[in-house]
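Notes follow the structure.
Residue numbers (the working numbering): 10 to 586.
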(Lines of atoms letter the chains of each structure in order from A and count residues from 1; the text may use other names and numbers.)
(Lines give C-alpha, C1' and ligand atoms only; values in the text may rest on other atoms or scores of the structure.)
Protein backbone atom coordinates (compact mmCIF):
# COMPACT_ATOMS: atom_id res chain seq x y z
CA UNK A 1 0.00 0.00 0.00
CA UNK A 2 1.00 3.65 -0.40
CA UNK A 3 2.35 4.79 2.97
CA UNK A 4 3.81 8.19 2.14
CA UNK A 5 3.94 10.77 -0.65
CA UNK A 6 6.71 13.38 -0.51
CA UNK A 7 6.19 16.39 -2.75
CA UNK A 8 8.66 19.26 -3.23
CA UNK A 9 8.33 22.38 -5.41
CA UNK A 10 5.38 20.94 -7.30
CA UNK A 11 2.83 23.44 -8.70
CA UNK A 12 1.63 25.28 -5.55
CA UNK A 13 3.23 22.87 -3.07
CA UNK A 14 6.47 24.01 -1.47
CA UNK A 15 7.21 20.86 0.54
CA UNK A 16 4.77 18.32 1.96
CA UNK A 17 4.94 14.78 3.33
CA UNK A 18 1.54 13.10 3.15
CA UNK A 19 0.98 9.99 5.24
CA UNK A 20 -1.52 7.34 4.15
CA UNK A 21 -2.80 4.34 6.06
CA UNK A 22 -4.70 1.12 5.58
CA UNK A 23 -8.37 1.16 4.68
CA UNK A 24 -10.13 4.25 3.38
CA UNK A 25 -8.16 7.48 3.01
CA UNK A 26 -10.22 10.50 1.97
CA UNK A 27 -8.93 13.82 0.67
CA UNK A 28 -11.17 16.87 0.99
CA UNK A 29 -10.91 20.63 0.71
CA UNK A 30 -12.59 23.69 -0.68
CA UNK A 31 -13.22 23.85 -4.41
CA UNK A 32 -9.98 25.12 -5.97
CA UNK A 33 -7.94 24.28 -2.87
CA UNK A 34 -5.63 22.04 -4.88
CA UNK A 35 -6.92 18.51 -4.28
CA UNK A 36 -6.15 17.57 -7.88
CA UNK A 37 -2.52 18.62 -7.38
CA UNK A 38 -2.03 15.62 -5.11
CA UNK A 39 -3.29 13.32 -7.85
CA UNK A 40 -1.09 15.09 -10.42
CA UNK A 41 1.94 14.53 -8.20
CA UNK A 42 1.09 10.86 -7.81
CA UNK A 43 0.59 10.49 -11.56
CA UNK A 44 4.00 12.03 -12.14
CA UNK A 45 5.84 9.65 -9.81
CA UNK A 46 3.98 6.70 -11.35
CA UNK A 47 5.45 7.53 -14.76
CA UNK A 48 2.72 9.50 -16.49
CA UNK A 49 3.50 12.43 -18.80
CA UNK A 50 4.67 15.58 -17.05
CA UNK A 51 5.84 18.98 -18.27
CA UNK A 52 8.08 21.61 -16.71
CA UNK A 53 4.92 23.69 -16.09
CA UNK A 54 4.41 21.55 -12.98
CA UNK A 55 7.52 23.03 -11.33
CA UNK A 56 6.70 25.61 -8.66
CA UNK A 57 7.16 29.21 -9.77
CA UNK A 58 10.71 30.37 -9.04
CA UNK A 59 12.13 26.85 -8.64
CA UNK A 60 14.32 24.86 -11.01
CA UNK A 61 13.23 21.36 -10.07
CA UNK A 62 10.21 19.45 -8.77
CA UNK A 63 10.55 16.14 -6.94
CA UNK A 64 7.92 13.58 -6.02
CA UNK A 65 8.65 10.44 -4.03
CA UNK A 66 6.16 7.65 -3.23
CA UNK A 67 6.81 5.03 -0.55
CA UNK A 68 4.94 1.71 -0.65
CA UNK A 69 4.81 -1.01 2.00
CA UNK A 70 4.56 -4.35 0.20
CA UNK A 71 2.95 -7.59 1.35
CA UNK A 72 5.47 -10.32 0.53
CA UNK A 73 2.78 -12.91 -0.15
CA UNK A 74 0.48 -10.78 -2.28
CA UNK A 75 -0.15 -11.28 -6.03
CA UNK A 76 1.02 -7.68 -6.48
CA UNK A 77 4.42 -8.56 -4.98
CA UNK A 78 4.80 -11.60 -7.24
CA UNK A 79 4.06 -9.50 -10.33
CA UNK A 80 6.58 -6.92 -9.17
CA UNK A 81 9.22 -9.63 -8.70
CA UNK A 82 8.95 -10.59 -12.36
CA UNK A 83 9.37 -6.99 -13.56
CA UNK A 84 12.24 -6.33 -11.16
CA UNK A 85 14.07 -9.47 -12.35
CA UNK A 86 13.67 -8.41 -15.99
CA UNK A 87 15.01 -4.93 -15.19
CA UNK A 88 17.88 -6.13 -12.99
CA UNK A 89 16.46 -4.37 -9.92
CA UNK A 90 16.25 -5.61 -6.34
CA UNK A 91 12.81 -5.84 -4.74
CA UNK A 92 12.42 -5.29 -1.00
CA UNK A 93 9.53 -4.99 1.47
CA UNK A 94 9.59 -1.23 0.94
CA UNK A 95 9.25 0.15 -2.58
CA UNK A 96 10.36 3.74 -3.19
CA UNK A 97 9.55 5.41 -6.50
CA UNK A 98 11.08 8.81 -7.20
CA UNK A 99 10.99 11.24 -10.10
CA UNK A 100 12.54 14.64 -10.56
CA UNK A 101 11.50 17.13 -13.22
CA UNK A 102 13.89 19.91 -14.22
CA UNK A 103 13.04 23.25 -15.79
CA UNK A 104 14.89 22.18 -18.96
CA UNK A 105 12.34 19.38 -19.36
CA UNK A 106 14.67 16.53 -18.40
CA UNK A 107 13.45 13.74 -16.12
CA UNK A 108 15.27 11.49 -13.69
CA UNK A 109 13.55 8.35 -12.43
CA UNK A 110 14.52 6.08 -9.56
CA UNK A 111 13.30 2.79 -8.12
CA UNK A 112 14.69 2.02 -4.66
CA UNK A 113 17.44 4.59 -5.28
CA UNK A 114 18.50 2.92 -8.56
CA UNK A 115 18.24 5.02 -11.70
CA UNK A 116 15.74 3.66 -14.22
CA UNK A 117 13.74 4.63 -17.29
CA UNK A 118 10.39 6.40 -17.38
CA UNK A 119 8.93 3.35 -19.12
CA UNK A 120 9.99 1.07 -16.25
CA UNK A 121 8.69 3.54 -13.68
CA UNK A 122 5.34 3.59 -15.46
CA UNK A 123 5.21 -0.20 -15.67
CA UNK A 124 5.95 -0.60 -11.95
CA UNK A 125 3.52 2.17 -11.03
CA UNK A 126 0.73 0.44 -12.91
CA UNK A 127 1.27 -2.70 -10.82
CA UNK A 128 0.89 -1.01 -7.44
CA UNK A 129 -1.76 1.68 -8.03
CA UNK A 130 -5.03 1.81 -9.99
CA UNK A 131 -6.13 5.42 -10.49
CA UNK A 132 -9.69 6.22 -11.51
CA UNK A 133 -9.65 9.86 -12.58
CA UNK A 134 -12.61 11.97 -13.63
CA UNK A 135 -11.73 11.47 -17.30
CA UNK A 136 -12.24 7.70 -16.95
CA UNK A 137 -15.98 8.26 -16.86
CA UNK A 138 -15.67 8.79 -20.61
CA UNK A 139 -14.26 5.28 -21.11
CA UNK A 140 -17.71 3.91 -20.32
CA UNK A 141 -19.06 5.81 -23.31
CA UNK A 142 -16.44 4.30 -25.63
CA UNK A 143 -17.31 0.73 -26.71
CA UNK A 144 -13.69 0.16 -27.77
CA UNK A 145 -12.79 -0.07 -24.07
CA UNK A 146 -15.39 -2.69 -23.16
CA UNK A 147 -13.57 -5.85 -24.27
CA UNK A 148 -10.65 -4.96 -22.01
CA UNK A 149 -13.02 -4.70 -19.04
CA UNK A 150 -14.74 -8.00 -19.88
CA UNK A 151 -11.46 -9.88 -20.40
CA UNK A 152 -10.02 -8.53 -17.15
CA UNK A 153 -13.11 -9.64 -15.24
CA UNK A 154 -13.05 -13.10 -16.83
CA UNK A 155 -9.31 -13.59 -16.40
CA UNK A 156 -8.94 -13.95 -20.16
CA UNK A 157 -5.63 -12.11 -20.45
CA UNK A 158 -3.75 -15.21 -21.68
CA UNK A 159 -6.37 -15.97 -24.34
CA UNK A 160 -6.32 -12.31 -25.35
CA UNK A 161 -2.51 -12.36 -25.71
CA UNK A 162 -2.63 -15.64 -27.66
CA UNK A 163 -5.09 -14.05 -30.09
CA UNK A 164 -2.89 -10.96 -30.48
CA UNK A 165 0.24 -12.97 -31.26
CA UNK A 166 -1.59 -15.32 -33.62
CA UNK A 167 -3.24 -12.37 -35.39
CA UNK A 168 0.07 -10.60 -35.94
CA UNK A 169 1.67 -13.77 -37.35
CA UNK A 170 -1.38 -14.36 -39.58
CA UNK A 171 -1.33 -10.75 -40.79
CA UNK A 172 2.38 -10.93 -41.66
CA UNK A 173 2.00 -14.14 -43.67
CA UNK A 174 -1.11 -12.70 -45.34
CA UNK A 175 0.93 -9.69 -46.46
CA UNK A 176 3.76 -11.89 -47.76
CA UNK A 177 1.28 -14.16 -49.52
CA UNK A 178 -0.47 -11.18 -51.12
CA UNK A 179 2.88 -9.76 -52.24
CA UNK A 180 3.62 -13.10 -53.87
CA UNK A 181 0.25 -13.10 -55.64
CA UNK A 182 0.86 -9.54 -56.84
CA UNK A 183 4.22 -10.63 -58.24
CA UNK A 184 2.53 -13.32 -60.32
CA UNK A 185 0.93 -10.66 -62.51
CA UNK A 186 4.31 -9.36 -63.59
CA UNK A 187 6.39 -12.47 -62.94
CA UNK A 188 7.55 -12.85 -66.55
CA UNK A 189 8.59 -9.22 -66.79
CA UNK A 190 10.48 -9.51 -63.53
CA UNK A 191 12.11 -12.75 -64.65
CA UNK A 192 13.45 -11.13 -67.83
CA UNK A 193 14.61 -8.07 -65.93
CA UNK A 194 16.37 -10.06 -63.20
CA UNK A 195 18.02 -12.41 -65.70
CA UNK A 196 19.37 -9.43 -67.65
CA UNK A 197 20.67 -7.75 -64.49
CA UNK A 198 22.33 -10.90 -63.18
CA UNK A 199 23.92 -11.66 -66.55
CA UNK A 200 25.16 -8.08 -66.99
CA UNK A 201 26.84 -8.00 -63.59
CA UNK A 202 28.24 -11.54 -63.78
CA UNK A 203 29.65 -10.92 -67.27
CA UNK A 204 31.56 -7.95 -65.90
CA UNK A 205 33.38 -10.35 -63.54
CA UNK A 206 33.85 -7.70 -60.86
CA UNK A 207 36.73 -7.98 -58.42
CA UNK A 208 36.83 -6.15 -55.08
CA UNK A 209 39.27 -3.23 -55.17
CA UNK A 210 39.84 -3.33 -58.92
CA UNK A 211 38.45 0.14 -59.49
CA UNK A 212 41.13 1.71 -57.31
CA UNK A 213 43.87 -0.40 -58.93
CA UNK A 214 42.72 0.57 -62.42
CA UNK A 215 42.52 4.25 -61.50
CA UNK A 216 46.12 4.16 -60.24
CA UNK A 217 47.33 2.36 -63.37
CA UNK A 218 45.52 4.87 -65.59
CA UNK A 219 47.21 7.71 -63.73
CA UNK A 220 50.63 6.14 -64.38
CA UNK A 221 49.96 5.60 -68.08
CA UNK A 222 48.69 9.14 -68.55
CA UNK A 223 51.92 10.44 -66.97
CA UNK A 224 54.30 7.93 -68.61
CA UNK A 225 56.66 10.49 -70.19
CA UNK A 226 56.92 12.51 -66.99
CA UNK A 227 57.59 9.40 -64.91
CA UNK A 228 60.15 8.02 -67.39
CA UNK A 229 62.07 11.28 -67.70
CA UNK A 230 62.20 11.90 -63.98
CA UNK A 231 63.33 8.36 -63.22
CA UNK A 232 66.18 8.74 -65.75
CA UNK A 233 67.09 12.12 -64.30
CA UNK A 234 67.21 10.76 -60.74
CA UNK A 235 69.29 7.72 -61.74
CA UNK A 236 71.67 9.88 -63.79
CA UNK A 237 72.21 12.22 -60.86
CA UNK A 238 72.80 9.38 -58.42
CA UNK A 239 74.79 6.92 -60.57
CA UNK A 240 76.52 9.32 -63.00
CA UNK A 241 77.54 8.65 -66.58
CA UNK A 242 80.55 7.33 -68.49
CA UNK A 243 82.61 10.49 -68.12
CA UNK A 244 81.80 11.57 -64.58
CA UNK A 245 80.46 9.97 -61.47
CA UNK A 246 77.13 10.69 -59.84
CA UNK A 247 76.24 11.74 -56.31
CA UNK A 248 76.87 8.26 -54.89
CA UNK A 249 80.39 8.14 -56.45
CA UNK A 250 81.21 11.62 -55.13
CA UNK A 251 79.93 10.74 -51.65
CA UNK A 252 82.07 7.57 -51.81
CA UNK A 253 85.14 9.76 -52.19
CA UNK A 254 83.96 11.86 -49.24
CA UNK A 255 83.60 8.64 -47.21
CA UNK A 256 87.18 7.66 -48.03
CA UNK A 257 88.49 11.07 -47.02
CA UNK A 258 86.52 11.05 -43.76
CA UNK A 259 87.88 7.56 -43.03
CA UNK A 260 91.41 8.90 -43.34
CA UNK A 261 90.56 11.92 -41.16
CA UNK A 262 88.98 9.70 -38.51
CA UNK A 263 92.12 7.57 -38.29
CA UNK A 264 94.12 10.74 -37.70
CA UNK A 265 91.60 12.50 -35.43
CA UNK A 266 88.61 10.71 -33.77
CA UNK A 267 86.50 13.89 -33.76
CA UNK A 268 85.44 13.02 -37.34
CA UNK A 269 83.74 9.78 -36.25
CA UNK A 270 80.29 11.40 -36.15
CA UNK A 271 80.77 13.04 -39.55
CA UNK A 272 81.87 9.68 -41.00
CA UNK A 273 78.61 8.13 -39.65
CA UNK A 274 76.51 10.86 -41.22
CA UNK A 275 78.20 10.31 -44.58
CA UNK A 276 77.58 6.56 -44.33
CA UNK A 277 73.86 7.17 -43.65
CA UNK A 278 73.57 9.56 -46.59
CA UNK A 279 75.20 7.08 -48.95
CA UNK A 280 72.94 4.27 -47.67
CA UNK A 281 69.82 6.43 -48.16
CA UNK A 282 70.82 7.45 -51.69
CA UNK A 283 71.55 3.82 -52.61
CA UNK A 284 68.03 2.87 -51.34
CA UNK A 285 66.50 5.66 -53.43
CA UNK A 286 68.46 4.50 -56.47
CA UNK A 287 67.33 0.88 -56.02
CA UNK A 288 63.66 1.92 -55.62
CA UNK A 289 63.71 4.21 -58.68
CA UNK A 290 65.67 1.64 -60.72
CA UNK A 291 63.14 -1.14 -59.96
CA UNK A 292 60.20 1.17 -60.69
CA UNK A 293 61.79 2.32 -63.97
CA UNK A 294 62.51 -1.24 -65.03
CA UNK A 295 58.81 -2.10 -64.70
CA UNK A 296 57.63 1.12 -66.29
CA UNK A 297 56.38 0.36 -69.74
CA UNK A 298 53.93 1.84 -72.18
CA UNK A 299 51.82 -1.05 -73.48
CA UNK A 300 50.04 -0.04 -76.68
CA UNK A 301 46.25 0.06 -76.21
CA UNK A 302 46.41 -0.55 -72.43
CA UNK A 303 45.21 2.97 -71.55
CA UNK A 304 42.18 2.61 -73.82
CA UNK A 305 41.47 -0.79 -72.28
CA UNK A 306 41.51 0.68 -68.76
CA UNK A 307 39.33 3.62 -69.80
CA UNK A 308 36.77 1.20 -71.19
CA UNK A 309 36.80 -0.95 -68.06
CA UNK A 310 36.37 2.05 -65.76
CA UNK A 311 33.50 3.32 -67.93
CA UNK A 312 31.82 -0.08 -67.55
CA UNK A 313 32.25 0.01 -63.78
CA UNK A 314 30.84 3.54 -63.68
CA UNK A 315 27.82 2.44 -65.70
CA UNK A 316 27.19 -0.52 -63.37
CA UNK A 317 27.40 1.74 -60.32
CA UNK A 318 24.99 4.17 -61.90
CA UNK A 319 22.49 1.33 -62.34
CA UNK A 320 22.98 -0.80 -59.25
CA UNK A 321 24.80 1.01 -56.44
CA UNK A 322 27.20 3.70 -55.31
CA UNK A 323 30.16 1.32 -54.97
CA UNK A 324 31.26 -1.98 -56.52
CA UNK A 325 30.44 -3.60 -53.18
CA UNK A 326 26.87 -2.29 -53.55
CA UNK A 327 26.72 -3.71 -57.08
CA UNK A 328 27.86 -7.13 -55.83
CA UNK A 329 25.29 -6.98 -53.01
CA UNK A 330 22.62 -6.15 -55.59
CA UNK A 331 23.77 -9.18 -57.58
CA UNK A 332 23.25 -11.46 -54.56
CA UNK A 333 19.77 -10.03 -53.90
CA UNK A 334 18.82 -10.36 -57.56
CA UNK A 335 19.94 -14.00 -57.61
CA UNK A 336 17.78 -14.70 -54.57
CA UNK A 337 14.78 -12.96 -56.14
CA UNK A 338 15.39 -14.83 -59.38
CA UNK A 339 15.52 -18.09 -57.49
CA UNK A 340 12.22 -17.32 -55.77
CA UNK A 341 10.53 -16.44 -59.05
CA UNK A 342 11.88 -19.54 -60.76
CA UNK A 343 10.47 -21.55 -57.84
CA UNK A 344 7.33 -19.40 -57.65
CA UNK A 345 4.75 -22.17 -57.75
CA UNK A 346 6.50 -24.11 -55.01
CA UNK A 347 6.83 -21.01 -52.82
CA UNK A 348 3.23 -20.04 -53.52
CA UNK A 349 2.04 -23.47 -52.39
CA UNK A 350 4.12 -23.19 -49.21
CA UNK A 351 2.73 -19.74 -48.38
CA UNK A 352 -0.81 -20.85 -49.15
CA UNK A 353 -0.44 -23.82 -46.83
CA UNK A 354 1.10 -21.69 -44.10
CA UNK A 355 -1.60 -19.05 -44.46
CA UNK A 356 -4.41 -21.60 -44.22
CA UNK A 357 -2.76 -23.20 -41.21
CA UNK A 358 -2.51 -19.84 -39.41
CA UNK A 359 -6.08 -18.98 -40.42
CA UNK A 360 -7.33 -22.21 -38.84
CA UNK A 361 -5.32 -21.56 -35.68
CA UNK A 362 -6.49 -17.95 -35.40
CA UNK A 363 -10.09 -18.96 -36.13
CA UNK A 364 -10.06 -21.62 -33.43
CA UNK A 365 -8.57 -19.20 -30.89
CA UNK A 366 -11.14 -16.54 -31.78
CA UNK A 367 -13.98 -19.07 -31.56
CA UNK A 368 -12.89 -20.28 -28.15
CA UNK A 369 -12.32 -16.76 -26.82
CA UNK A 370 -15.73 -15.70 -28.11
CA UNK A 371 -17.36 -18.67 -26.37
CA UNK A 372 -15.69 -17.76 -23.08
CA UNK A 373 -16.57 -14.09 -23.48
CA UNK A 374 -20.25 -14.86 -23.94
CA UNK A 375 -20.21 -16.94 -20.79
CA UNK A 376 -18.30 -14.29 -18.82
CA UNK A 377 -20.58 -11.54 -20.20
CA UNK A 378 -23.62 -13.17 -18.60
CA UNK A 379 -21.82 -13.35 -15.27
CA UNK A 380 -20.62 -9.74 -15.55
CA UNK A 381 -24.11 -8.54 -16.46
CA UNK A 382 -25.61 -10.18 -13.40
CA UNK A 383 -22.97 -8.93 -11.00
CA UNK A 384 -23.05 -5.33 -12.27
CA UNK A 385 -26.84 -5.36 -12.10
CA UNK A 386 -26.60 -6.49 -8.46
CA UNK A 387 -23.99 -3.84 -7.67
CA UNK A 388 -26.10 -1.10 -9.27
CA UNK A 389 -29.11 -2.09 -7.23
CA UNK A 390 -27.00 -1.94 -4.10
CA UNK A 391 -25.93 1.55 -5.21
CA UNK A 392 -29.49 2.84 -5.25
CA UNK A 393 -30.56 1.93 -8.79
CA UNK A 394 -33.15 -0.60 -7.56
CA UNK A 395 -34.75 -1.27 -10.94
CA UNK A 396 -31.54 -1.19 -12.98
CA UNK A 397 -30.75 -3.92 -15.46
CA UNK A 398 -27.28 -4.09 -17.04
CA UNK A 399 -26.25 -6.22 -19.97
CA UNK A 400 -22.85 -6.85 -21.54
CA UNK A 401 -23.91 -7.75 -25.09
CA UNK A 402 -21.45 -9.77 -27.18
CA UNK A 403 -22.09 -9.77 -30.93
CA UNK A 404 -20.27 -10.68 -34.13
CA UNK A 405 -17.99 -7.95 -35.44
CA UNK A 406 -18.91 -6.13 -38.62
CA UNK A 407 -16.63 -4.12 -40.89
CA UNK A 408 -18.78 -1.00 -40.74
CA UNK A 409 -18.00 -0.50 -37.05
CA UNK A 410 -14.46 -1.87 -37.29
CA UNK A 411 -12.82 -0.41 -40.42
CA UNK A 412 -9.39 -1.70 -39.33
CA UNK A 413 -10.56 -5.32 -39.24
CA UNK A 414 -9.40 -7.92 -41.77
CA UNK A 415 -11.43 -10.76 -43.22
CA UNK A 416 -10.44 -14.30 -42.31
CA UNK A 417 -11.67 -17.43 -44.09
CA UNK A 418 -12.91 -19.41 -41.11
CA UNK A 419 -14.73 -21.64 -41.49
CA UNK A 420 -13.46 -22.09 -45.05
CA UNK A 421 -16.84 -21.34 -46.59
CA UNK A 422 -17.20 -18.08 -44.67
CA UNK A 423 -15.35 -14.80 -44.25
CA UNK A 424 -15.42 -13.10 -40.87
CA UNK A 425 -13.94 -9.73 -39.83
CA UNK A 426 -11.24 -10.08 -37.19
CA UNK A 427 -8.80 -7.87 -35.27
CA UNK A 428 -6.04 -8.48 -32.74
CA UNK A 429 -8.79 -8.76 -30.09
CA UNK A 430 -10.76 -11.47 -31.89
CA UNK A 431 -14.01 -11.13 -33.81
CA UNK A 432 -16.32 -9.96 -31.06
CA UNK A 433 -18.08 -6.66 -30.61
CA UNK A 434 -19.11 -5.77 -27.07
CA UNK A 435 -21.59 -3.17 -25.97
CA UNK A 436 -22.70 -2.19 -22.49
CA UNK A 437 -26.42 -1.53 -22.21
CA UNK A 438 -28.59 -0.47 -19.31
CA UNK A 439 -32.19 -0.01 -18.36
CA UNK A 440 -32.21 2.39 -15.42
CA UNK A 441 -35.92 2.12 -14.69
CA UNK A 442 -38.51 -0.63 -14.66
CA UNK A 443 -40.25 -1.14 -17.98
CA UNK A 444 -37.61 0.69 -20.03
CA UNK A 445 -35.77 -1.12 -22.84
CA UNK A 446 -32.03 -1.63 -22.77
CA UNK A 447 -30.09 1.24 -24.34
CA UNK A 448 -26.42 2.04 -24.74
CA UNK A 449 -24.77 4.00 -21.95
CA UNK A 450 -24.25 6.94 -24.28
CA UNK A 451 -27.98 7.09 -24.93
CA UNK A 452 -29.28 7.06 -21.38
CA UNK A 453 -26.66 7.45 -18.67
CA UNK A 454 -26.51 10.63 -16.61
CA UNK A 455 -23.38 11.75 -14.78
CA UNK A 456 -24.55 10.15 -11.55
CA UNK A 457 -25.42 6.89 -13.29
CA UNK A 458 -22.04 6.79 -15.03
CA UNK A 459 -20.33 7.28 -11.65
CA UNK A 460 -22.25 4.40 -10.12
CA UNK A 461 -21.70 2.12 -13.11
CA UNK A 462 -17.97 2.83 -12.99
CA UNK A 463 -17.92 2.19 -9.24
CA UNK A 464 -19.82 -1.06 -9.77
CA UNK A 465 -17.28 -2.17 -12.38
CA UNK A 466 -14.37 -1.20 -10.13
CA UNK A 467 -15.92 -3.08 -7.22
CA UNK A 468 -16.23 -6.22 -9.34
CA UNK A 469 -12.80 -5.95 -10.96
CA UNK A 470 -11.27 -5.44 -7.52
CA UNK A 471 -12.04 -9.08 -6.80
CA UNK A 472 -9.73 -10.22 -9.59
CA UNK A 473 -7.34 -7.26 -9.73
CA UNK A 474 -3.92 -7.61 -8.11
CA UNK A 475 -3.29 -3.94 -7.35
CA UNK A 476 -2.92 -3.05 -3.65
CA UNK A 477 -4.03 0.60 -3.88
CA UNK A 478 -7.08 2.07 -5.62
CA UNK A 479 -7.52 5.81 -6.05
CA UNK A 480 -10.83 7.49 -6.89
CA UNK A 481 -10.86 11.11 -8.02
CA UNK A 482 -14.39 12.39 -7.32
CA UNK A 483 -16.16 9.13 -8.15
CA UNK A 484 -19.15 10.83 -6.53
CA UNK A 485 -19.72 13.20 -9.46
CA UNK A 486 -23.43 13.80 -10.06
CA UNK A 487 -24.74 12.03 -6.95
CA UNK A 488 -26.04 13.13 -3.57
CA UNK A 489 -28.56 12.42 -0.84
CA UNK A 490 -29.27 8.78 -0.04
CA UNK A 491 -27.21 7.62 -3.00
CA UNK A 492 -24.14 9.33 -1.56
CA UNK A 493 -24.47 7.23 1.62
CA UNK A 494 -24.80 4.06 -0.46
CA UNK A 495 -21.77 4.95 -2.58
CA UNK A 496 -19.81 5.75 0.56
CA UNK A 497 -20.68 2.34 1.97
CA UNK A 498 -19.56 0.64 -1.23
CA UNK A 499 -16.22 2.46 -1.20
CA UNK A 500 -15.82 1.60 2.48
CA UNK A 501 -16.37 -2.09 1.70
CA UNK A 502 -13.77 -1.90 -1.05
CA UNK A 503 -11.27 -0.48 1.44
CA UNK A 504 -11.60 -3.58 3.63
CA UNK A 505 -9.90 -5.63 0.91
CA UNK A 506 -7.25 -3.10 -0.14
CA UNK A 507 -6.16 0.47 0.43
CA UNK A 508 -8.50 3.05 -1.10
CA UNK A 509 -7.71 6.75 -1.52
CA UNK A 510 -10.71 8.88 -2.44
CA UNK A 511 -10.90 12.56 -3.37
CA UNK A 512 -14.45 13.59 -2.52
CA UNK A 513 -16.73 16.55 -1.93
CA UNK A 514 -19.51 14.55 -0.25
CA UNK A 515 -19.78 14.38 3.57
CA UNK A 516 -21.34 10.87 3.60
CA UNK A 517 -18.24 9.49 1.89
CA UNK A 518 -15.74 11.54 3.89
CA UNK A 519 -17.39 10.44 7.14
CA UNK A 520 -16.46 6.82 6.48
CA UNK A 521 -12.73 7.48 6.27
CA UNK A 522 -10.12 5.69 8.33
CA UNK A 523 -7.75 8.56 7.56
CA UNK A 524 -8.91 12.06 6.60
CA UNK A 525 -6.55 14.44 4.76
CA UNK A 526 -7.40 18.13 4.33
CA UNK A 527 -6.05 20.24 1.47
CA UNK A 528 -5.92 24.00 2.00
CA UNK A 529 -4.68 26.90 -0.11
CA UNK A 530 -3.34 30.11 1.37
CA UNK A 531 -1.24 33.14 0.51
CA UNK A 532 1.18 35.45 2.28
CA UNK A 533 0.40 38.24 -0.16
CA UNK A 534 3.26 37.38 -2.49
CA UNK A 535 3.05 33.64 -3.05
CA UNK A 536 0.27 31.06 -2.93
CA UNK A 537 0.81 27.68 -1.32
CA UNK A 538 -1.12 24.45 -0.91
CA UNK A 539 -0.73 22.71 2.43
CA UNK A 540 -1.74 19.25 3.58
CA UNK A 541 -2.66 17.96 7.03
CA UNK A 542 -4.26 14.86 8.50
CA UNK A 543 -7.32 15.61 10.59
CA UNK A 544 -7.98 14.25 14.04
CA UNK A 545 -11.50 13.78 15.45
CA UNK A 546 -12.29 17.46 16.09
CA UNK A 547 -10.78 18.55 12.80
CA UNK A 548 -12.85 15.98 10.94
CA UNK A 549 -16.00 17.20 12.64
CA UNK A 550 -15.32 20.78 11.56
CA UNK A 551 -14.44 19.76 8.01
CA UNK A 552 -17.62 17.70 7.66
CA UNK A 553 -19.62 20.67 8.96
CA UNK A 554 -18.01 22.84 6.28
CA UNK A 555 -18.76 20.23 3.61
CA UNK A 556 -22.41 20.21 4.69
CA UNK A 557 -22.52 23.78 3.39
CA UNK A 558 -23.70 25.55 6.52
CA UNK A 559 -20.39 26.32 8.18
CA UNK A 560 -19.50 25.42 11.76
CA UNK A 561 -22.94 26.00 13.27
CA UNK A 562 -24.15 24.09 16.28
CA UNK A 563 -26.57 22.16 14.08
CA UNK A 564 -23.99 21.27 11.40
CA UNK A 565 -21.41 20.25 14.01
CA UNK A 566 -23.96 17.99 15.67
CA UNK A 567 -24.87 16.43 12.32
CA UNK A 568 -21.19 15.94 11.53
CA UNK A 569 -20.74 14.25 14.91
CA UNK A 570 -23.60 11.89 14.12
CA UNK A 571 -22.10 11.07 10.71
CA UNK A 572 -18.77 10.24 12.32
CA UNK A 573 -20.28 8.14 15.07
CA UNK A 574 -20.34 4.78 13.21
CA UNK A 575 -16.70 5.25 12.31
CA UNK A 576 -15.44 6.21 15.76
CA UNK A 577 -17.35 3.58 17.73
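No residue lacks a Cβ here, since even glycine has one placed at the ideal position from N, Cα and C.
Item: Coarse secondary structure for residue 278, derived from DSSP in three states; Value: helix
Item: Inter-residue Cα distance where the pair is residue 195 and residue 354; Value: 14 angstroms
Item: Sub-8 angstroms separation of residue 5 and residue 533 beta-carbons; Value: Past the boundaries of the shown model lies residue 5; the chain is included only from 10 to 586, so the question cannot be answered.
Item: Span separating the alpha-carbon of residue 278 from that of residue 249; Value: 28 angstroms
Item: Burial state of residue 420, where buried means 16 or more other Cβ atoms lie within 10 Å; Value: exposed
Item: Proximity winner among 66, 63, 100, relative to residue 607 (alpha-carbon distances); Value: Residue 607 lies beyond the stretch modelled for the chain, which goes from 10 to 586, so this question has no answer here.
Item: Spatial distance of residue 540 from residue 21 (CA atoms); Value: 10 angstroms
Item: When 32, 189, 385 are compared against residue 10, the one with the closest alpha-carbon; Value: 32
Item: Same chain, Cβ closer than 8 angstroms to residue 586, five either side skipped, listed in chain order; Value: Because residue 586 carries a pLDDT of 39, less than 50, the predicted location of this residue cannot be relied on, and no value is offered for it.
Item: Secondary structure of residue 215, DSSP reduced to three states; Value: coil
Item: Burial state of residue 24 (16 or more Cβ within 10 Å); Value: exposed
Item: Euclidean distance between Cα positions of residue 218 and residue 323; Value: 14 angstroms
Item: Separation of residue 115 from residue 53, as counted between CA atoms; Value: 13 angstroms
Item: Range covered by the alpha helix (DSSP H) that runs through residue 256; Value: 256 to 273
Item: Alpha-carbon spacing of residue 493 relative to residue 527, whole angstroms; Value: 11 angstroms
Item: Check whether residue 77 and residue 12 have beta carbons under 8 angstroms apart; Value: yes
Item: Whether residue 256 touches residue 267 by CB criterion (8 angstroms); Value: no
Item: Contact set for residue 305: own chain, Cβ-Cβ below 8 angstroms, skip 5 residues either direction; Value: 229, 233, 236, 237, 240
Item: Inter-residue spacing [alpha-carbon to alpha-carbon] between residue 330 and residue 104; Value: 56 angstroms
Item: Beta-carbon proximity check, residue 156 vs residue 458, cutoff 8 angstroms; Value: no
Item: DSSP-derived helix/strand/coil call for residue 418; Value: coil
Item: Reduced DSSP category for residue 317 - H, G, I as helix; E, B as strand; rest coil; Value: helix
Item: Residue from 302, 262, 378, 417 with nearest C-alpha to residue 287; Value: 262
Item: Bridge partners - residue 108, DSSP secondary structure assignment; Value: 73, 118
Item: Residue 86 versus 244, 107, 483, 383, residue with shortest Cα-Cα distance; Value: 483
Item: Whole-angstrom distance between residue 477 and residue 487, CA atom to CA atom; Value: 13 angstroms
Item: Three-state secondary structure assigned by DSSP to residue 410; Value: strand
Item: Residue nearest to residue 555 in terms of C-alpha spacing, selected from 581, 572, 192, 548; Value: 581
Item: At least three beta-carbon pairs within less than 8 angstroms, the region 386 to 393 to the region 185 to 205; Value: no
Item: Residue 35 - partner residues in DSSP beta bridges; Value: 519, 533
Item: Span separating the alpha-carbon of residue 177 from that of residue 436; Value: 9 angstroms
Item: Spatial distance of residue 434 from residue 423 (CA atoms); Value: 5 angstroms
Item: Environment of residue 552 [buried if 16+ CB atoms lie within 10 Å]; Value: buried
Item: Buried or exposed by the 16-neighbour rule on C-beta atoms within 10 Å, applied to residue 34; Value: buried
Item: Beta-carbon spacing of residue 589, residue 405 below 8 angstroms; Value: This structure gives no information on residue 589, because the portion of the chain shown stretches from 10 to 586.
Item: Stretch pair the region 208 to 217 + the region 354 to 364: three plus CB contacts closer than 8 angstroms; Value: no
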